[in-house]
Every structure is written in C-alpha cells, then in structure tokens.
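Student:
Protein chains: 2
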Amino acid sequence: MEHITSRWGTLVLIALLDRPHRFGELRREIGRVSEKMLAQTLRTLERDGLVHRDARPVIPPRVDYSLTGLGREAAERVRDLAHWTERRLAAVERAREAYDAASP
Amino acid sequence: MEHITSRWGTLVLIALLDRPHRFGELRREIGRVSEKMLAQTLRTLERDGLVHRDARPVIPPRVDYSLTGLGREAAERVRDLAHWTERRLAAVERAREAYDAASP
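Protein chains in written order, with the numbering used here: chain F, 484 to 587; chain B, 484 to 587.
(1) When you compare the CB of B:TRP491 with every CB in chain F, is at least one pair closer than 8 Å?
(2) Measure the alpha-carbon distance for B:LEU509 versus B:VAL495 and round it to whole angstroms.
(3) Can you name the start and end residues of the beta strand (DSSP E) that F:ARG562 belongs to?
(4) Rounded to the nearest angstrom, how far is the Cβ of B:ASP547 from that of B:ARG505, given a contact under 8 Å?
(5) Name, going along the chain, the residues of the segment 494-508 of chain F whose beta-carbon falls closer than 8 Å to a beta-carbon of chain B.
(6) Using a Cβ-Cβ distance under 8 Å, would F:ASP531 count as near chain B?
(7) Of all the CB atoms in chain B, is at least one closer than 8 Å to the CB of F:ARG579?
(8) Please go through the same chain and pick out, in chain order, the residues whose beta-carbon is closer than 7 Å to the beta-carbon of B:MET520, but skip the five residues on each side of it.
(9) F:ALA558 and F:LEU550 - do their beta-carbons sit closer together than 8 Å?
(10) By the criterion of Cβ-Cβ separation under 7 Å, what are the contact partners of B:TYR548 in chain F?
(11) In the segment 509-540 of chain F, which residue ranges form an unbroken alpha helix (DSSP H) of at least 4 residues, counting only runs that do not cross its ends?
(12) Once DSSP output is grouped into helix, strand and coil, what is the label at B:ARG505?
(13) F:LEU572: buried (16+ other C-beta within 10 angstroms of its C-beta) or exposed?
(14) In whole angstroms, what separates the C-alpha of B:THR493 from that of B:PRO587?
(15) Is the CB-CB distance between F:ILE497 and F:VAL575 below 8 Å?
(16) Where B:ARG526 and F:SER517 are concerned, what is the direct C-alpha to C-alpha distance, given to the nearest angstrom?
What follows is the structure in structure tokens.
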C-alpha cells in the first residue's frame with residue numbers, strides 16, 4: 484500500500500490515469516521530483532505490476548509508461564483518496580488550529 | 484494523506500469504523516503497535532479532526548476514541564484501498580517474481 488500512497492507513487496498513478504506518458508512528460512507534469520526519484524518510483528510500480536514500461540526500438544529511444552489493468556484499479560482508488568484529501572484540507576487545517584489553541 | 488495511509492493510521496481508522504474503542508482495545512486489536520506509537524497516531528488523527536477523544540471523569544479514568552464525520556469519510560476510503568490491496572496482493576507478488584526473474 485505504501486508504494487501507491489507515497490507522494491510520488493500517487494502523482495504518477497494519477498497522471499497515468501489520463502493517458503500514457505513518456506518519462507520527460509511525467510517529470511514536467513509532476514514537478515519538483517528528481518530524475519532519480521521518478522525513475523525509482525516507476526521501477527517500483529512496474530515491479531508491482533501496476534505500470535507497464537514500453538521501450539520502442541527507435542532512434543532516439545522512446546519509452547512510454549502506462550497503467551496495467553491492476554494499476555488502473557489502484558490509481559482510481561488512490562485518486563479518490565487524494566481528491567478527498569484536497570477537498571477536506573481546509574477542514575483539517577481548522578481542526579489543527581483548534582487543537583493547537585486548546586493544547587497547553 | 485500520509486497520516487491516514489500510514490500503517491498505524493490505516494489500522495486505527497479501520498478499527499474505529501466498526502465502533503468506538505478504548506486505548507487498550509485498540510492496542511490489542513491492532514497488535515504489534517507500541518503504546519507510544521499508538522498514542523502518537525491517535526494524537527495526530529485527533530489533531531487532524533478525524534478522531535474524537537472522549538475522556539470520562541470516572542475512576543478509573545476512561546478514554547474512548549471514535550471517528551468524527553470527517554474521520555468516517557477518510558476511514559471508508561482508506562478501508563476500500565486497504566481491502567483492494569489485500570485482494571490484489573497475490574497478483575502483485577506474481578508480478579514481482581516475473582519482474583525479478585527477467586531482470587539481469
């Protein structure tokens with residue numbers, strides 16, 4: 484579960500729900516992720532059977548990443564959770580302020 | 484999001500979906516969680532407005548933990564994701580074995 488709910492795992496899965504992406508596209512879309520961290524995230528998701536890596540034998544080499552059927556199931560659930568978190572962030576912030584104000 | 488998808492955060496939310504729990508009940512039900520880690524998890528979830536802590540002025544003191552409305556929304560989504568993960572674990576394991584066998 485931690486692979487799909489990690490910061491970068493979640494963002495990769497949500498991006499791929501839209502359509503397949505090339506490495507550079509993912510990097511631009513996700514933002515602030517290092518090349519190394521993105522490569523490691525993709526490798527983990529590929530190893531888990533959630534992401535399919537398609538390397539085309541063309542010049543220059545072209546690699547596309549897409550969701551497998553399993554990956555799509557995971558991505559839809561993770562997106563639902565991430566969107567819920569975004570929608571409720573203001574309520575969570577208010578709760579934290581109230582908690583901190585009441586704490587000695 | 485990491486508060487509700489952490490190992491202990493997820494297990495606490497799922498346990499509380501059933502019914503309110505006392506601290507000791509949670510500890511027994513979750514298993515292998517230290518007292519300190521469980522207390523910290525509950526404090527984080529309470530501060531986020533997901534868990535309500537009800538301390539009764541009785542002797543001996545009695546403290547019940549329950550979900551708030553916000554917590555119930557989070558818990559249902561997290562449970563859905565955790566159950567999906569359990570159901571798909573065998574498929575993920577098979578994917579990992581295939582990946583490792585194909586890797587140099």
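We put the CB at the ideal spot given by N, CA and C, even for glycine.
Tutor: With the structure as the only source:
(1) Residue 491 of chain B sits at position 8 when you count from the first residue of the second sequence. Residue contact check for B:TRP491 against chain F: no CB pair falls below 8 Å.
(2) Walking along the second sequence from the start, residue 509 of chain B turns up at place 26. Walking along the second sequence from the start, residue 495 of chain B turns up at place 12. About 7 Å.
(3) Here residue 562 of chain F refers to the residue found at position 79 when the first sequence is read from its first residue. No beta strand (DSSP E) holds F:ARG562; the alpha helix (DSSP H) holding it covers 552-570.
(4) Counting from 1 along the second sequence, the entry for residue 547 of chain B is found at position 64. Counting from 1 along the second sequence, the entry for residue 505 of chain B is found at position 22. For a cut-off of 8 Å, the C-beta gap from B:ASP547 to B:ARG505 is around 6 Å, short enough to register as a contact.
(5) none
(6) Within the first sequence, numbered from 1, the residue matching residue 531 of chain F stands at position 48. Yes, because at least one Cβ of chain B sits closer than 8 Å to the Cβ of F:ASP531.
(7) Indexing the first sequence from 1 puts residue 579 of chain F at position 96. At least one chain B Cβ lies under 8 Å of F:ARG579.
(8) Here the question's residue 520 of chain B lines up with position 37 in the second sequence. Counting only Cβ-Cβ distances below 7 Å, and skipping sequence neighbours, we find TRP491.
(9) Start at 1 with the first residue of the first sequence, and residue 550 of chain F comes out as number 67. Start at 1 with the first residue of the first sequence, and residue 558 of chain F comes out as number 75. Closer than 8 Å, so yes.
(10) Numbered from 1 along the second sequence, position 65 holds the residue referred to as residue 548 of chain B. What B:TYR548 touches in chain F: nothing, since even the nearest Cβ is about 15 Å away.
(11) 518-530
(12) In the second sequence, the residue the question calls residue 505 of chain B occupies position 22. Looking at B:ARG505 - three-state DSSP - the assignment turns out to be strand.
(13) Against the first sequence, residue 572 of chain F aligns to sequence position 89. Result: exposed.
(14) The residue you call residue 493 of chain B lines up with position 10 of the second sequence. The residue you call residue 587 of chain B lines up with position 104 of the second sequence. So the alpha carbons of these two residues sit roughly 36 Å apart.
(15) As a position in the first sequence, residue 497 of chain F is number 14, starting the count at 1. As a position in the first sequence, residue 575 of chain F is number 92, starting the count at 1. Their beta carbons are not under 8 Å apart, which means F:ILE497 does not touch F:VAL575 by this criterion.
(16) As a position in the second sequence, residue 526 of chain B is number 43, starting the count at 1. As a position in the first sequence, residue 517 of chain F is number 34, starting the count at 1. Their Cα atoms are separated by approximately 33 Å.
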